[in-house]
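Student: Below: one structure in structure tokens.
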Amino acid sequence: MKIDVQGTVADGFEKVRDAFAANWDDVEVGASVCIVRDGETVVDLWGGYQDRDGTRPWERDTLVNVYSTTKGLATLAVARLHEDGGIDYAAPVAEYWPEFAQAGKGAVTVAQLLSHQAGVCGVETRLTVEDLYDWEKMTSLLAAQRPLWPLGEGGGYHAVTWGYLPGELVRRITGKSLGAYTRETITGPLGADFWIGLPESEHGRVSDLIGPNHARPTTAPQMPGTGEPAGEPSRLFQLALQNPSIRPFKDACSAAWRSAEISAANGQANARGIATVYGACVGPDPIVGPASLAAACQIEIEDQLDLVLQTDTRRSRGFIMNSGGAYGPNLASFGHGGAGGSLGFADPDARVGFGYAMNQMQPGVPRVTRSGRLVAALYACLGG
Numbered sequence: 162m163k164i165d166v167q168g169t170v171a172d173g174f175e176k177v178r179d180a181f182a183a184n185w186d187d188v189e190v191g192a193s194v195c196i197v198r199d200g201e202t203v204v205d206l207w208g209g210y211q212d213r214d215g216t217r218p219w220e221r222d223t224l225v226n227v228y229s230t231t232k233g234l235a236t237l238a239v240a241r242l243h244e245d246g247g248i249d250y251a252a253p254v255a256e257y258w259p260e261f262a263q264a265g266k267g268a269v270t271v272a273q274l275l276s277h278q279a280g281v282c283g284v285e286t287r288l289t290v291e292d293l294y295d296w297e298k299m300t301s302l303l304a305a306q307r308p309l310w311p312l313g314e315g316g317g318y319h320a321v322t323w324g325y326l327p328g329e330l331v332r333r334i335t336g337k338s339l340g341a342y343t344r345e346t347i348t349g350p351l352g353a354d355f356w357i358g359l360p361e362s363e364h365g366r367v368s369d370l371i372g373p374n375h376a377r378p379t380t381a382p383q384m385p386g387t388g389e390p391a392g393e394p395s396r397l398f399q400l401a402l403q404n405p406s407i408r409p410f411k412d413a414c415s416a417a418w419r420s421a422e423i424s425a426a427n428g429q430a431n432a433r434g435i436a437t438v439y440g441a442c443v444g445p446d447p448i449v450g451p452a453s454l455a456a457a458c459q460i461e462i463e464d465q466l467d468l469v470l471q472t473d474t475r476r477s478r479g480f481i482m483n484s485g486g487a488y489g490p491n492l493a494s495f496g497h498g499g500a501g502g503s504l505g506f507a508d509p510d511a512r513v514g515f516g517y518a519m520n521q522m523q524p525g526v527p528r529v530t531r532s533g534r535l536v537a538a539l540y541a542c543l544g545g
């Protein structure tokens, strides 16, 4: 498909435009990419359509659900709270949220909670999608849930439940929801179009997600909608990703989903919003101070098999730290990606913030990912 790529590219970053356009030779429908370096936007591109039939153009301000890319913004909110003296990563969660001490979780620290080590990747109560919109119900269930593995024996990806954990900490400490707190302290001051809990007035800008193009080869068979290898899912996987079963092209495109605060999975953003946030982490006027950012980036899990995903992950106190070149060549880079392909990260060495958002969901690990093509082009422009 040939499309009209719109936006701006600074001199020296033309390879990113070429790579972005090349994504439409593959599976892209509508997307945006943005790169901020040293506080200046050097790439801001968008193109394609909000629907597969090509009747609704992707606009400059089009938003889309970015799934777990949202976790990066929530992680920064806790880092900001840490900077303000409101939270200690080494403290027990129960110091701020006493009910969380139930079922033997009294020793779980904030750092362990944010790094997916608390063993509450799911709850053993059958959930509906509507339950995810009920903050009190979800936080009460998580507080009462027994750990699904012993504390100290590893981490397992809290795909959906994770969002309620920093969210409840922020609520207990500040009296504000995570969405309101991030808007007040991070995205609002930056003017970043990245939302946890989208106001109804903004819903008209959101593109629906579009189902995968199954003609696209991947490295292995995949479980639909998860991006994880096919096969018989483990009990932990079922609790983390299939209770409830979230239909990406129905549930995750509903008004109720967009309005809710599910900060592990339902952020609404475009690439500019994502890159603005990450660029402000490593730019000349950082939104979070160096000490608190370093604390958030402290590696908690490395060279261990994730108990849910059964893959190796280099994980900090909320971020996925760079490994395998997903965020370029620099190991200090930090960020988070989302199901289907969205991505945000910061590279403190190159002083770069990167954002990519799209509506065409693609499961699994394609041989050449769309974001991977863009990241490779970025570092080719930077000479490394």
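Residue numbers for the sequence shown follow the working numbering, so the first one is 162 and each next one is one higher.
Glycine included, C-beta positions come from ideal geometry on N, C-alpha and C.
None of the values given here were measured: they were computed from a predicted structure.
Please confirm whether phenylalanine 261 and alanine 252 have their CB atoms less than 9 Å apart.
Tutor: Cβ atoms of phenylalanine 261 and alanine 252: not closer than 9 Å.
Student: Span of the alpha helix (DSSP H) holding glutamine 471?
Tutor: Here glutamine 471 belongs to no alpha helix (DSSP H), and DSSP marks it neither H nor E.
Student: Please confirm whether glutamine 167 and asparagine 520 have their CB atoms less than 9 Å apart.
Tutor: Taking 9 Å as the Cβ cut-off, glutamine 167 and asparagine 520 do not qualify as a contacting pair.
Student: Go ahead and pull the three-state DSSP assignment for cysteine 414.
Tutor: Cysteine 414: helix per DSSP, three-state reduction.
Student: In whole angstroms, give me the CA-to-CA distance for leucine 288 and tryptophan 185.
Tutor: Between leucine 288 and tryptophan 185, the C-alpha separation is close to 38 Å.
Student: Can you tell me whether glutamine 459 is buried or exposed? The criterion is at least 16 other CB atoms within 10 Å of its CB, across all chains shown.
Tutor: Answer is exposed; the Cβ neighbour count stays below 16.
Student: Among Pro311, Glu461 and Val331, which residue has its Cα nearest to the Cα of isoleucine 248?
Tutor: The option with the nearest alpha carbon to isoleucine 248 is Val331.
Student: Is the beta carbon of alanine 279 less than 9 Å from the beta carbon of lysine 266?
Tutor: Contact flag set, yes.
Student: Note down, in chain order, each residue of its chain lying with its Cβ closer than 7 Å to the Cβ of tryptophan 418, except the 5 sequence neighbours on either side.
Tutor: Contacts found: Asp412 and Asn427.
Student: Output needed for arginine 534: all residues of its chain with C-beta closer than 7 Å, excluding positions within five of it in sequence on either side, in chain order.
Tutor: Excluding sequence neighbours, arginine 534 sits near Ala180, Ala183 and Asn184.
Student: Take the Cβ of proline 524 as the centre, count every other Cβ of all protein chains shown within 10 Å, and call the residue buried at 16 or more, exposed below.
Tutor: Result: buried.
Student: Rounding to the nearest angstrom, what Cα-Cα distance links leucine 237 and phenylalanine 355 in this structure?
Tutor: About 13 Å.
Student: Candidates Tyr228, Ala341, Glu244 and Leu274: which alpha carbon is nearest glycine 313's?
Tutor: Of the candidates Tyr228, Ala341, Glu244 and Leu274, the one whose C-alpha sits nearest the C-alpha of glycine 313 is Leu274.
Student: What distance in whole Å lies between the Cβ atoms of isoleucine 347 and arginine 241, which are believed to be in contact at a cut-off of 8 Å?
Tutor: Rounded, the Cβ-Cβ distance is 6 Å, consistent with contact.
Student: Can you tell me whether lysine 163 is buried or exposed? The criterion is at least 16 other CB atoms within 10 Å of its CB, across all chains shown.
Tutor: Exposed, by the Cβ-count rule.
Student: So, helix, strand or coil for leucine 543, using DSSP?
Tutor: In this structure, leucine 543 counts as helix in the three-state DSSP scheme.
Student: Can we say the region 214 to 223 touches the region 395 to 410, given the rule of at least three CB pairs closer than 8 Å?
Tutor: Too few Cβ pairs lie closer than 8 Å, so no.
Student: Between glycine 316 and glutamine 465, how many whole angstroms is the CB-CB distance? I'm expecting something under 8 Å.
Tutor: Right, the Cβ-Cβ distance comes to about 7 Å (below 8 Å), so this counts as a contact.
Student: By Cβ distance below 6 Å, which residues in the same chain neighbour valine 285 in space, the five residues on each side in sequence not counted?
Tutor: Here the sequence assigns glutamate to residue 285, which means valine is not the residue at that position. Nothing meets the Cβ criterion.
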